[in-house]
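K.L.:
When we follow the numbering used here, the leftmost residue of the sequence shown carries the number 4, and every step to the right adds one.
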Amino acid sequence: MKQSPLFSNIQTGEAVYDDVDRATYKGITVKTVILLLISVLIAAVIAFALPTILTNNSTTFYVTLVVSSIVGFIAVIVGRTSERKAKYASVIYAICEGLFLGSLSAIVEAYVPGVVATAVFSTIVLFAVMLTLFATGVIRVGSRFRSICFGLTLGALAIILMVSLFSLFIDYQTYFGIMIGVEVFLVFYGVITLSLNFAEANAVVSMGASKDAEWSVALGLLVSILYIYIEIVRLLALIAARSDN
Numbered sequence: 004m005k006q007s008p009l010f011s012n013i014q015t016g017e018a019v020y021d022d023v024d025r026a027t028y029k030g031i032t033v034k035t036v037i038l039l040l041i042s043v044l045i046a047a048v049i050a051f052a053l054p055t056i057l058t059n060n061s062t063t064f065y066v067t068l069v070v071s072s073i074v075g076f077i078a079v080i081v082g083r084t085s086e087r088k089a090k091y092a093s094v095i096y097a098i099c100e101g102l103f104l105g106s107l108s109a110i111v112e113a114y115v116p117g118v119v120a121t122a123v124f125s126t127i128v129l130f131a132v133m134l135t136l137f138a139t140g141v142i143r144v145g146s147r148f149r150s151i152c153f154g155l156t157l158g159a160l161a162i163i164l165m166v167s168l169f170s171l172f173i174d175y176q177t178y179f180g181i182m183i184g185v186e187v188f189l190v191f192y193g194v195i196t197l198s199l200n201f202a203e204a205n206a207v208v209s210m211g212a213s214k215d216a217e218w219s220v221a222l223g224l225l226v227s228i229l230y231i232y233i234e235i236v237r238l239l240a241l242i243a244a245r246s247d248n
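#1: Three-state secondary structure (DSSP) at serine 72?
#2: I'd like to know whether the C-beta atoms of leucine 222 and glycine 82 end up nearer to each other than 8 Å.
#3: Thinking just about the alpha-carbon of each residue, which of Ile127, Leu155, Ser42 is nearest to the one in leucine 102?
#4: Quick check: the region 77–95 against the region 221–240, are at least 3 beta-carbon pairs closer than 8 Å?
#5: Under three-state DSSP, which class holds serine 213?
#6: Suppose you measure from the CA of serine 213 to the CA of asparagine 205; what does that come to, to the nearest Å?
#7: So is valine 115 in contact with chain D if we call contact Cβ pairs under 8 Å?
#8: Counting along the chain, where does the alpha helix (DSSP H) carrying arginine 143 start and finish?
#9: Could you check the C-alpha separation between phenylalanine 153 and arginine 237 for me, to the nearest Å?
#10: Isoleucine 142 and serine 209: beta carbons closer than 8 Å?
#11: Report yes or no: do the region 44–51 and the region 107–122 share at least 3 C-beta pairs separated by less than 8 Å?
#12: How many whole angstroms separate the CB atoms of isoleucine 98 and leucine 155, which I take to be in contact at a CB cut-off of 8 Å?
#13: Could you check if tyrosine 230 is buried or exposed, using at least 16 other CB atoms within 10 Å of its CB as the buried criterion?
#14: If we ignore side chains and look at the alpha-carbon of each, how far apart do leucine 189 and alanine 159 end up?
#15: Between the Cα of isoleucine 181 and those of Gly193, Phe191, Ile162, spot the shortest distance and give me the residue it belongs to.
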């Protein structure tokens, strides 16, 4: 049976891994929670200390933020292509993303109080809804669904590029209106891609992959969850900014 490219890095081996060494849903869940906690704790520390950091040494902080973004991007690539390195790459990404999340959340919260709590609640609800739809079979991830997701990815990139170009020629209010629409689309895109993460988790467990694969799947889930949170924060910030003008 031909294996989908999405799961091409999954190392199966029914004759190699026993029940203890095989990936499980529990293992994926635990690792996802661990990575989330790392990101949240780092973000909380950064958000709390951000005013002091910016006052004392803002240049170093901004450099650190840029470097951590690059390192985090590389960590995702490594963690999603190498099961053996996924554990370390996942933790590195969680730490790097925590730095960014803490900074973004603190800055937006200062201008739009309550946005962080709303974004967190919204992310949890959207995740729960998508998990329920996938688990009950309402959403089925087949080749057509993956093609749609790929099309949405290309669409998201095209929209971002067009808005960046058009922003030079449109007025302030129109730009905000367009950006709000773009953010709604990007949130929708992030929510839809959760289904691919759930399908990957299902494949990893069903195919008898090694425990190392749990970290790779958990990393994929972390990326999607944090992406949705960030886009919701940006959407709420745009709505608030437009309402003030």
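Note that beta-carbon positions come from the ideal geometry of N, C-alpha and C, so glycine has one too. None of these values were measured; they are calculated from a predicted model.
P.N.:
With the structure as the only source:
#1: For this step, residue 72 is matched to residue 69 along the sequence shown. For serine 72, the secondary structure class from DSSP, reduced to helix, strand or coil, is helix.
#2: For the purposes of this step, residue 222 is taken as the residue at position 219 of the sequence shown. For the purposes of this step, residue 82 is taken as the residue at position 79 of the sequence shown. A contact, by the Cβ cut-off of 8 Å.
#3: Translated into the one-based positions of the sequence shown, residue 102 becomes position 99. Minimum Cα distance to leucine 102 is reached at Ser42.
#4: As far as the Cβ criterion goes, the region 221–240 touches the region 77–95, which means the pair count is three or higher.
#5: Within the sequence shown, numbered from 1, the residue matching residue 213 stands at position 210. In this structure, serine 213 counts as strand in the three-state DSSP scheme.
#6: Here residue 213 refers to the residue found at position 210 when the sequence shown is read from its first residue. Here residue 205 refers to the residue found at position 202 when the sequence shown is read from its first residue. One C-alpha to the other measures close to 13 Å.
#7: This model lacks chain D altogether, as it is built from one protein chain only.
#8: Within the sequence shown, residue 143 is the residue found at index 140, counting from 1. Segment: none, arginine 143 is in no alpha helix (DSSP H) and carries neither H nor E.
#9: If you number the sequence shown from 1, residue 153 lands on position 150. If you number the sequence shown from 1, residue 237 lands on position 234. Distance between the alpha carbons of phenylalanine 153 and arginine 237 is about 23 Å.
#10: On the sequence shown, position 139 is the one that residue 142 refers to. On the sequence shown, position 206 is the one that residue 209 refers to. It is not a contact, given that the beta carbons lie outside the stated cut-off.
#11: yes
#12: Position 95 of the sequence shown holds residue 98. Position 152 of the sequence shown holds residue 155. Not confirmed; about 29 Å, so no contact.
#13: Translated into positions along the sequence shown, residue 230 becomes position 227. Answer is buried; the Cβ neighbour count reaches 16.
#14: Taking the sequence shown and counting its residues from 1, one reaches residue 189 at position 186. Taking the sequence shown and counting its residues from 1, one reaches residue 159 at position 156. Cα to Cα, leucine 189 sits roughly 7 Å from alanine 159.
#15: On the sequence shown, residue 181 is found 178 positions in, with the first residue counted as 1. Here the closest residue by C-alpha is Ile162.
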